[in-house]
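Colleague: Just so you know, the protein sequences line up as chains A and B, in that order. Add 50 to a position in the first sequence, counting from 1, and you land on the number used in the working numbering. Add 3 to a position in the second sequence, counting from 1, and you land on the number used in the working numbering. In this text, a Cβ means the ideal position worked out from N, Cα and C, and glycines have one as well.
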Amino acid sequence: MTPFSYLRAADADTALQLAGVHARHPGAGHPGVEHPAAKYLGGGTNLVDLMRETIERPGTLVDVTGLSDRIAETGDANGNRGLLIGAAVRNTALAEHRLVRQRYPMLSRAIVSGASPQIRNMATVAGNILQRTRCAYFYDRAGSRCNKREPGQGCDAIDGFNRMHAILGASPACVATHPSDLCVALAALDATVHLSGADGERRLPFTELHRLPGDEPGRDTALEPGDLITAVELPALPLAANSAYRKVRDRSSYAFALVSVAAALSVENGTVTDVRLALGGVAHKPWRALTAEQALRGQPATEAAFRAAAAAELAAAQPLRDNGFKIELAQRTIVAVLGELAGHDRTGDGA
Amino acid sequence: MSIVGKGKRAIQGAAQSVMKKAVELAPDSLLPGGRPDPLIRRQHGQIGRPVSRVDGPLKVRGAAPFAAEVALEGMVYAALAHSTIAKGRILTIDAGRAEAAPGVVLVMTHRNAPRLAPPPRFLSAAKAAAGDDVPVMQDDRVRWNGEPVALVLAETQEQADHARSLIRITYAEEPAATSLATAGAHEVGTFMGEPLSAKIGDAEAAFAAAPHKVDAVYRTPPHNHNALEPHAATLVWRDGALFVHDATQAVAHTAWSLARIFGLEEDQVHVSSPYVGGGFGGKTLWQHQILAAAAARLADRPVRIALSREGVYRVVGGRSPTEQRVALGADADGRLTAIIHRGVTPKTPHSAMPEPFILPTQSAYAAKTIALEVRTCDLDLVANTFMRAPGEAVGTVALECAMDELAEQLGLDPIELRLRNEPETDPVSGRPFSSRNLAVAYRLGAQRFGWDRRNPVPRSRREGEWLVGMGCATATYPYHRMPGGAARITLDAGGARIDVAAHEMGMGTATAQAQIAADRLGLPLEAVTVRYGDSSLPGVILAGGSQQTASVGLSVMMAHRELVGELLKLAGNDSPLAGLGAEEVESADAGLRKLDDPGRFESYASILGRAGRGELVVEGSAPMPLETMHWSMHSHGAMFCEARVNAVTGETRVSRFLGSFDCGRIVNPKTAASQFRGGIIMGLGLALMEETQVDGRTGRIMNRTLADYHLPVHLDVPEIDVIWTDIPDPHTPMGARGIGEIGITGTGAAVANAVYNATGRRVRDFPITLDKLL
Ligand SMILES: Cc1cc2nc3c(=O)[nH]c(=O)nc-3n(C[C@H](O)[C@H](O)[C@H](O)COP(=O)(O)OP(=O)(O)OC[C@H]3O[C@@H](n4cnc5c(N)ncnc54)[C@H](O)[C@@H]3O)c2cc1C
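#1: Work out the CA separation of Y535 of chain B and A513 of chain B for me, nearest whole Å.
#2: Which residues in chain A have a C-beta closer than 7 angstroms to the C-beta of P435 of chain B? List them in chain order.
#3: Taking all protein chains shown into account, do 16 or more other C-beta atoms lie within 10 angstroms of the C-beta of A29 of chain B, making it buried, or fewer, making it exposed?
#4: Cβ closer than 7 angstroms: which chain B residues qualify as neighbours of Y304 of chain A?
#5: Taking the straight line between their C-alpha atoms, what separation do you get for P357 of chain B and M214 of chain A?
#6: In this structure, how does DSSP classify A291 of chain A when only helix, strand and coil are distinguished?
#7: I need the boundaries of the alpha helix (DSSP H) containing N171 of chain A, first residue and last residue.
#8: Contact criterion: CB-CB distance below 7 angstroms. Does F375 of chain A meet it with respect to chain B?
#9: Please name the residue, chosen from A:V282, A:E363, A:R269 and A:I279, that lies closest to E343 of chain A on a Cα-to-Cα basis.
#10: Are the Cβ atoms of G467 of chain B and A625 of chain B separated by less than 7 angstroms?
#11: Exposed or buried, M195 of chain B, counting other C-beta atoms within 10 Å across all chains shown (16 or more means buried)?
#12: By Cβ distance below 8 angstroms, which residues in the same chain neighbour K376 of chain A in space, the five residues on each side in sequence not counted?
#13: Quick check: what's the CA-CA separation for A127 of chain A versus R253 of chain A?
#14: Using the three-state DSSP reduction, which class does L506 of chain B fall into: helix, strand or coil?
#15: Under a three-way DSSP split, which group does N227 of chain B fall into?
#16: What first and last residue would you give for the alpha helix (DSSP H) that runs through F356 of chain A?
#17: Just to make sure I have the definition right: I need the residues of chain B whose C-beta is within less than 7 angstroms of the C-beta of P53 of chain A. Which are they?
#18: For the beta strand (DSSP E) containing A313 of chain A, name the first residue and the last one.
#19: Assuming W259 of chain B contacts E268 of chain B under a Cβ cut-off of 8 angstroms, what Cβ separation, rounded to an integer in Å, is found between them?
#20: With a 10 Å radius around its C-beta and 16 neighbouring C-beta atoms as the bar for buried, classify P167 of chain A as buried or exposed.
#21: For a contact meaning CB atoms closer than 7 angstroms, what does Q290 of chain B contact in chain A?
#22: Just to make sure I have the definition right: I need the residues of chain A whose C-beta is within less than 7 angstroms of the C-beta of S168 of chain B. Which are they?
#23: Suppose you measure from the CA of H147 of chain A to the CA of A286 of chain A; what does that come to, to the nearest Å?
#24: Please identify, using Cβ separations under 7 angstroms, the residues of the segment 152-181 of chain A that lie next to chain B, in order along the chain.
#25: In chain A, what lies closer than 8 angstroms to M705 of chain B by C-beta?
#26: Report whether the distance from the Cβ of D768 of chain B to the nearest heavy atom of ligand 1 is below 6 angstroms.
#27: Spatial neighbours of G320 of chain A within its chain, please: CB distance less than 7 angstroms, with the 5 preceding and 5 following residues excluded, ordered by chain position.
#28: Following the continuous alpha helix (DSSP H) through C196 of chain A, name the residue where it begins and the one where it ends.
#29: Determine whether the Cβ of V145 of chain B lies closer than 7 angstroms to any Cβ atom of chain A.
#30: Tell me the DSSP secondary structure of D135 of chain B in three-state form.
#31: Out of curiosity, what's the CA-to-CA distance linking M705 of chain B and T695 of chain B?
#32: Would you kindly check if the distance between the Cβ of R195 of chain A and the Cβ of D206 of chain A is under 7 angstroms?
#33: Please tell me whether Q49 of chain B has its Cβ less than 7 angstroms away from any Cβ of chain A.
#34: Taking its Cβ as the centre, do 16 or more other Cβ atoms sit within 10 Å of S55 of chain A, making it buried, or is it exposed?
#35: Please work out which residues of its chain come closer than 8 angstroms, Cβ to Cβ, to D774 of chain B, disregarding the five sequence neighbours upstream and downstream, and give them in chain order.
#36: Thinking just about the alpha-carbon of each residue, which of B:R434, B:P426 and B:D334 is nearest to the one in A413 of chain B?
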């Protein structure tokens, strides 16, 4: 670990200040960041590991666990009720929240299927969103090449062990996946991220936060240096009350997803009236399955329709040496989850 | 392999066969005198009681200082830098920034390391302890990806780790062999000085002629050691002598080996290792202790080295992969006419043995013809080594899956097939079995597991998404007792202390040996203490081969003999025991009494008191393990698994497991059950998830963390039922055979066979991950 200094912020403004982020003056080209080597620290369950491996070497850590850890109900004039989740809310607290379990069960299920209870107790919502890939070549700074870690170096994963890697949206520069479960649910739920940075406060649809690697795999997200996540907002989404998350992995618990599916479904008179679908473990970002969603709306809620939609979503999939099975696995899992939500006669894992 | 190496092997082999001939002429007995251990008949003693671990409270309270927790005055901390190429030479080392970093005391590389003799490789001498014999930081050569190339000492661990990350090394890379495909010539492997091959009759011809046959290739991947406690040592030089707080399963071996490496007398090295957080064959002498001792000498400071989890993967070897062909021929009744078990497993030029996967097949089944062979080749990787049941763990995977395949083809119940092929005598050596009750174990296990509810037709039971199946397999592990056992008894008015250089790695050794000694000496359990884990104690006792129970048990038995003799001498003519010989008395009620006249008794306290002695100290040593030359000595188990495979995702969940064991007398049912269960859990990992990922392009291990290298978590482990026959083996001390390793054997095959029964899919490439079942 490279030596660093440690500071604590109780609110967003202080956090920005301590991280050396100043309001950008109109017309200035560069973000007003004083020391880009500063990093925000949530629970530290990912960042500290990366620092131990010397992949992250911030000169300053600004602890932001003092930011809001509130989960508040929002509402508009029409009585649509969503949730505003503070950036420092711990993963466990979010998963256990009564309204989350009632209105967005897929989110609770996604969170508790990730990591371990100890890690979830420490991990914050913002930290979970910005956790980095688990690609072993990314982690192996001493012995492997990685374009995400050192742009232009080359990628040892493309022809190496890539069982965990992407089948959708990858590039010749990077085949890493985003490892989060929580994020798959957020992608399906039309969440919005609240940010504070050199440009002041702004909001970003969650699905636009993470990026595909393209030829800039070093950038995981659309965030600018110094950007602070202050909250995540869930919109009112009645169909999410009938939602599920299913994670398929190499052991029963404490393993990252090979494939995961977050889905919400509303069916009336045997017809799909609305649907949200997102996949984990398949791409550089939580994969919102818009193609499948579109294929499903207005279709009969039958296994055949689910299968066709899943096939349409995975049509563009490109397997690597070790992960070809994910294409079939993803489709089967989508069909099973939708079938379960449609009330078809099937008993799931439940674990 | 070099000509010198071949010569050495030939000499070892020759020595072994001379010894064998000598033994064949020796009397037919375990012990001098030829009687079974009298403790076998003893009822109502401590043996057989579920005594809780004597070291339990200390460990639960965190009050047991493990090797990385011992604090020494003025101690500095070590961090290792590892090579990033598999083979070649170090061209440049830039250690300037590291040396200038805060807190750094020393950067050691091959340029300034003290000159050291190569480590004595395991099995190359009686007390050799090293996993490999590569010279440690003596030259610019790199022999595997991950070999230590620099060591930093600093005032704190964090400073050492940071400075290590500042070292820059360049290499001249050479072509390396890192996979079977790139390996050179294959040759027949050797194990304990003997070639790993056996031939009875013409197996290929018999196989070709057999009306029923199975011929399949099974593959198992490399596995790594992942003991809860990563390897560590805290050590100091004092007046030219070396004191090591180590985590080892071989204190005496380590002391001797370190003395050789540093050019010292054996008694100038003191190794203490009372607490070991799991060994499994991996906690022996590797580079970290040697490097730490070398650096401590250079820096003249005590040193603590605690390997990171990655460090364990880079420095300590594991189990090599295997590719095994099993071909079984049978007649219409299911009697085996041919067993062929042969294949290849790589090793390194400097490791102690190839994975001896044919071992379980040597004594498994009566077959008219048998052909067994392990071929091996050298790769440029970290040395492979012993890992829980080397040979049997993966050998039973192939053999016992093949038996299941044959049973199906014959339309026979797999248990029935096995029972029809129970041998009368050892099919390869021809020796009688010391005790073999596999049929009993199968009967008890099948009944308790509900085997009769198994539908022999695959894929015939479904519960929702889950396909459910049952499978069984035979577990087997030999009885071992290595030469070198010795123990000291110190008796005083209050009780006895046993001193023995044995090891407690969590198995329950200290507890079981206290129970045995209490019965042996006729003392209450509270009056016996056992001191262990220190090279200054008597005995050369490896915690390996599941041999400690026998080795220590017999050593204490021999010491007890000395004790009885001495006590009778001290008792003299004024004692009720006057005139009696050692053969006429036994220990009971904290004293000696005449065997057929219990009234003639005198307590230890009284004897010692009358003789004016505060204590009596005796030592005994175990005779050569001749019993293993007379009998074929093996433990067995009948393993039963119920597996559920998800029809949608291919995920496998083991829902029930039962192990029914025949391991002689069980000394402590509580600690034994834990050993059995622990072995079975490790077997579940072997079956379903464990695999070291060695990148064939670089020879680099890529999954070197517990997040990436999958072991079973709690949710993967169902209720595991364990039962045993408890039939004493008349030819072993206490009637017991070791139990530490057998649990992992047979388990992989039982799971695979259950998965087959559930799905109709025969997976022969392990681990059985979900992609193979989609
Ligand atoms: C062994 C293991 C297994 C795991 N398994 C899973 C799993 O199965 N599924 C899963 O989803 N996750 C898993 N995780 C990952 C875990 O969920 C993340 O480590 C955790 O959510 C990160 O949260 P944190 O608060 O600790 O983040 P930190 O480690 O503190 O930070 C992570 C990143 O977020 C940034 N950050 C933190 N807060 C802010 C903020 N407010 N604004 C801007 N940037 C910020 C940090 O600078 C850093 O870059 C696992 C982790 C481990 C170690």
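Modeller: On the basis of the coordinates in this document:
#1: Residue mapping note: residue 513 of chain B aligns to position 510 of the second sequence, counting from 1. Residue mapping note: residue 535 of chain B aligns to position 532 of the second sequence, counting from 1. Distance between the alpha carbons of A513 of chain B and Y535 of chain B is about 8 angstroms.
#2: For the purposes of this step, residue 435 of chain B is identified with residue 432 of the second sequence, where counting begins at 1. Those do not exist, as P435 of chain B stays about 44 angstroms from chain A at its closest Cβ, beyond 7 angstroms.
#3: Within the second sequence, residue 29 of chain B is the residue found at index 26, counting from 1. Because A29 of chain B carries a pLDDT of 44, less than 50, the predicted location of this residue cannot be relied on, and the following value inherits that uncertainty. Flag for A29 of chain B reads exposed.
#4: Position 254 of the first sequence holds residue 304 of chain A. Residues of chain B passing the Cβ test: V716.
#5: The residue labelled residue 357 of chain B in the question sits at position 354 within the second sequence. The residue labelled residue 214 of chain A in the question sits at position 164 within the first sequence. Roughly 31 angstroms separates the two Cα atoms.
#6: Translated into positions along the first sequence, residue 291 of chain A becomes position 241. A291 of chain A falls in the helix class under three-state DSSP.
#7: Locating residue 171 of chain A in the first sequence gives position 121, where the first residue counts as 1. Counting along the chain, the alpha helix (DSSP H) containing N171 of chain A begins and ends at P167 to M172.
#8: To locate residue 375 of chain A, count along the first sequence from 1; it is residue 325. Output row for F375 of chain A: interface = yes.
#9: Start at 1 with the first residue of the first sequence, and residue 343 of chain A comes out as number 293. Of the listed residues, the one whose Cα sits closest to E343 of chain A is A:E363.
#10: In the second sequence, counting from the first residue as 1, residue 467 of chain B sits at position 464. In the second sequence, counting from the first residue as 1, residue 625 of chain B sits at position 622. No. Outside cutoff.
#11: To locate residue 195 of chain B, count along the second sequence from 1; it is residue 192. With fewer than 16 Cβ atoms within 10 Å of its Cβ, M195 of chain B is classed as exposed.
#12: Indexing the first sequence from 1 puts residue 376 of chain A at position 326. If we look at K376 of chain A and ignore the five residues flanking it on each side, its Cβ neighbours are I217, L308, V309, G331, V332, A367 and P369.
#13: Numbered from 1 along the first sequence, position 77 holds the residue referred to as residue 127 of chain A. Numbered from 1 along the first sequence, position 203 holds the residue referred to as residue 253 of chain A. Distance between A127 of chain A and R253 of chain A, taken at the CA atoms: about 21 angstroms.
#14: Sequence index remark: in the second sequence, residue 506 of chain B carries index 503 (1-based). In the sequence on display, residue 506 of chain B carries His and not Leu. Note: H506 of chain B maps to coil in three-state DSSP.
#15: Along the second sequence, one-based indexing puts residue 227 of chain B at 224. Coil, per DSSP.
#16: Along the first sequence, read from residue 1 onward, the residue named residue 356 of chain A stands at position 306. From DSSP, the alpha helix (DSSP H) with F356 of chain A extends over E353 to L364.
#17: Here residue 53 of chain A refers to the residue found at position 3 of the first sequence. By Cβ distance, chain B contributes H165.
#18: To locate residue 313 of chain A, count along the first sequence from 1; it is residue 263. Counting along the chain, the beta strand (DSSP E) containing A313 of chain A begins and ends at V309 to E318.
#19: In the second sequence, the residue the question calls residue 259 of chain B occupies position 256. In the second sequence, the residue the question calls residue 268 of chain B occupies position 265. With 8 angstroms as the limit, W259 of chain B and E268 of chain B do not qualify as a contact, their Cβ atoms being about 10 angstroms apart.
#20: Along the first sequence, one-based indexing puts residue 167 of chain A at 117. It counts as exposed.
#21: Counted from its first residue, the second sequence places residue 290 of chain B at position 287. Simply none; closest approach about 17 angstroms.
#22: Counting from 1 along the second sequence, the entry for residue 168 of chain B is found at position 165. Those are T104, listed as they occur along chain A.
#23: Walking along the first sequence from the start, residue 147 of chain A turns up at place 97. Walking along the first sequence from the start, residue 286 of chain A turns up at place 236. Cα to Cα, the separation comes out at about 16 angstroms.
#24: none
#25: One-based indexing of the second sequence puts residue 705 of chain B at position 702. By Cβ distance, chain A contributes A186, Y187, D190, S194, G210 and F211.
#26: On the second sequence, residue 768 of chain B is found 765 positions in, with the first residue counted as 1. D768 of chain B Cβ: outside cutoff for every heavy atom of ligand 1.
#27: Reading the first sequence from its first residue, position 270 is the one you call residue 320 of chain A. P350 and A351, listed in sequence order.
#28: Here the question's residue 196 of chain A lines up with position 146 in the first sequence. Run containing C196 of chain A: none; DSSP gives neither H nor E here.
#29: Here the question's residue 145 of chain B lines up with position 142 in the second sequence. Taking Cβ atoms only, chain A never reaches closer than 7 angstroms to V145 of chain B, which makes this a no.
#30: Here the question's residue 135 of chain B lines up with position 132 in the second sequence. Strand.
#31: Sequence index remark: in the second sequence, residue 705 of chain B carries index 702 (1-based). Sequence index remark: in the second sequence, residue 695 of chain B carries index 692 (1-based). Distance between the alpha carbons of M705 of chain B and T695 of chain B: 8 angstroms.
#32: On the first sequence, residue 206 of chain A is found 156 positions in, with the first residue counted as 1. On the first sequence, residue 195 of chain A is found 145 positions in, with the first residue counted as 1. A contact, by the Cβ cut-off of 7 angstroms.
#33: The residue given as residue 49 of chain B occupies position 46 in the second sequence. Not an interface residue.
#34: By one-based count along the first sequence, residue 55 of chain A stands at place 5. The residue in question, S55 of chain A, is exposed, as its Cβ has fewer than 16 Cβ neighbours within 10 Å.
#35: Position 771 of the second sequence, counted from the start, is the residue given in the question as residue 774 of chain B. The residues are G653.
#36: As a first step, residue 413 of chain B is located in the second sequence; it is residue number 410 there, counting from the start. In the sequence on display, residue 413 of chain B carries Leu and not Ala. Looking at the Cα atoms, B:D334 is the closest of the given residues.
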